[in-house]
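These notes are about the structure you will find just below.
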DNA sequence: GAGTGGTCTAGACCACGTG
DNA sequence: ACGTGGTCTAGACCACTCA
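Chains as they are written, first to last, in UniProt numbering: chain G, 1 to 253; chain U, 1 to 253.
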């Protein structure tokens, strides 16, 4: 024996709580059901509220719970699958699924964006704001950066801003030949403006999808889209030519 | 005046702290540098340690900081780009980049996995464990589930387990014709075993990449890979036929 | 053993949604 | 007005790393 190892080697309370609650959610609760409030739950499990909250936080991160201030904690539905890089094999705005243009302005992008686009550090680019909903809920907010050189014919445009201008910019960009796209996904936290659009608090976890649109051997546009990490599962199309049907979203409980 | 609105409408302290620290990291700290300890930092900013920790947690989530118990908090390097769905346009184990087979056992998978594979609820499948490192650091742990029906000729195998057996299974699966793959990405938290392999604490945020391998009109294998969310940026190949060279990973600071 | 981050407590007050 | 989750405090102790 020597090191007699107890089964749990001092598992943190919040982690054990998470496990217990997960099992309870699987077996005893229906989607949408309201849980007891945090103070009651904490008392029931004999822990401080902060500890209970740590467990709930985990479960919300995993998409099992949804918490809303002033309302309560409810059991979340399974994550919704959101297609990325498939719905528009072409330029943004083409077949026009998913994304809703909000507005467009001419602005100097962050340094990181400018570097990818190859524009000068003080050079303004078209910045199209779009939003995406799924099943009535907002799931993503996007900033689409397009250098002026990508849309040279966009000079005499009537709308100074707003959705009309956004659509005009998207219309112009479609005239370019799209050679390819590159996606990357990373974890981030929602900034204040994104958070508001996604109906979350600042700092909420988001999946940041960065897409480079390639045309003429260079990056003709750059999209930075932030998806709600708690409610979304991003799906990427098959890399082969075969498209597969696999029924509605399901998840074994 | 009526509702005289101050500029910050009561921004939470931890969020403001996060902003201040972000700027400090951008301008005054080098990668790898050690920050003052949490108690000192909290005192310096005039907040409780818990509040300071909330800000640090955010920054760690965003990949800006790295915290290690007993050691300290250091400035993290930029996230490393990790190719997904490109390094093996073929079956796992083919060109053999990235993934290291660890072992393989015959076990009954979780219900959710069984459902996708179309196997019975008590049917055992080959479960290959693999790990992936990048720049000397572990970045991902994978469980590759392969129904016995996908590798029918794998009966008289010598190795009962271990890396040798894992390689044998991967060798067999390559004989199938790969028709396509489907990836999905979602946020999760590391379970105890994954956490240990990734050198993180249980509950650490991870990006869960689920890949369906399609052959013969059905799912011939299912991979569930968990990537460290703090250190990884997942990259997906261009969906067009064009492959683009874009130099080594870079990010504007 | 000294110093670090990780966990936990028992309170308090605030912001928000709903009746 | 009330009940909810969100923020914040000032402590305590634990687990880990390293000299």
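We put the CB at the ideal spot given by N, CA and C, even for glycine.
Helix, strand or coil at residue i [DSSP, three-state]
i: residue 50 of chain G; result: helix
i: residue 223 of chain G; result: strand
i: residue 122 of chain U; result: coil
i: residue 11 of chain U; result: coil
i: residue 134 of chain U; result: strand
i: residue 141 of chain U; result: strand
i: residue 60 of chain G; result: helix
i: residue 116 of chain G; result: helix
i: residue 191 of chain U; result: coil
i: residue 81 of chain U; result: strand
i: residue 207 of chain G; result: strand
i: residue 236 of chain G; result: strand
Close beta carbons around residue i, own chain, < 6 Å, minus the five adjacent residues each side
i: residue 31 of chain G; result: 75 and 77
i: residue 192 of chain U; result: 202
i: residue 51 of chain U; result: 13 and 14
i: residue 41 of chain U; result: 52
Close beta carbons around residue i, own chain, < 7 Å, minus the five adjacent residues each side
i: residue 54 of chain G; result: 14
i: residue 280 of chain G; result: The question about residue 280 of chain G has no answer, for chain G in this structure spans 1 to 253.
i: residue 249 of chain U; result: Confidence in residue 249 of chain U is poor, its pLDDT being 35 and thus under 50, which makes the residue's placement unreliable; the coordinate value appears in the next sentence. Contacts found: 80 and 81.
Chain G within 7 Å of residue i, Cβ atoms only
i: residue 186 of chain U; result: yes
i: residue 213 of chain U; result: no
i: residue 45 of chain U; result: no
i: residue 5 of chain U; result: Any answer about residue 5 of chain U is weak, because its pLDDT of 41 lies below 50 and its placement is not dependable; what the coordinates show is given next. So, not an interface residue.
i: residue 124 of chain U; result: no
i: residue 48 of chain U; result: no
Beta-carbon proximity check, residue i vs residue j, cutoff 7 Å
i: residue 214 of chain G; j: residue 229 of chain G; result: no
i: residue 128 of chain U; j: residue 166 of chain U; result: yes
i: residue 145 of chain U; j: residue 102 of chain U; result: no
i: residue 131 of chain U; j: residue 100 of chain U; result: yes
i: residue 73 of chain G; j: residue 67 of chain G; result: yes
i: residue 119 of chain G; j: residue 152 of chain G; result: no
i: residue 224 of chain U; j: residue 143 of chain U; result: yes
i: residue 185 of chain G; j: residue 185 of chain U; result: yes
i: residue 126 of chain U; j: residue 104 of chain U; result: yes
i: residue 124 of chain G; j: residue 111 of chain G; result: no
i: residue 85 of chain U; j: residue 183 of chain U; result: yes
i: residue 57 of chain U; j: residue 49 of chain U; result: no
Proximal residues of chain G, C-beta to C-beta of residue i below 8 Å
i: residue 189 of chain U; result: 58, 61 and 62
i: residue 330 of chain U; result: Look at the range of chain U in this structure, 1 to 253, and you will see that residue 330 of chain U is not part of it.
Neighbouring residues, chain G, relative to residue i (Cβ below 9 Å)
i: residue 207 of chain U; result: 185, 186, 187 and 207
Chain U residues whose Cβ lies nearer than 7 Å to that of residue i
i: residue 202 of chain G; result: 15
Neighbour list for residue i in chain G, Cβ cutoff strictly below 7 Å
i: residue 81 of chain U; result: 184
8 Å Cβ shell around residue i - same chain, five flanking residues per side excluded
i: residue 116 of chain G; result: 212, 219 and 222
i: residue 217 of chain G; result: 179
i: residue 59 of chain U; result: 18, 21, 22, 25 and 65
i: residue 61 of chain U; result: 205, 229 and 230
i: residue 188 of chain G; result: 205, 206, 207, 208 and 226
i: residue 44 of chain G; result: 36
Neighbour flag for residue i against chain U, beta carbons, 7 Å
i: residue 29 of chain G; result: no
i: residue 221 of chain G; result: no
i: residue 229 of chain G; result: yes
i: residue 244 of chain G; result: Because residue 244 of chain G sits at a pLDDT of 37, beneath the cut-off of 50, its placement in the model cannot be relied upon, and the point is left open.
Any non-hydrogen atom of the ligand MG closer than 6 Å to residue i Cβ
i: residue 221 of chain G; result: Looking for the ligand MG in the displayed structure turns up nothing, as the structure carries no ligands at all.
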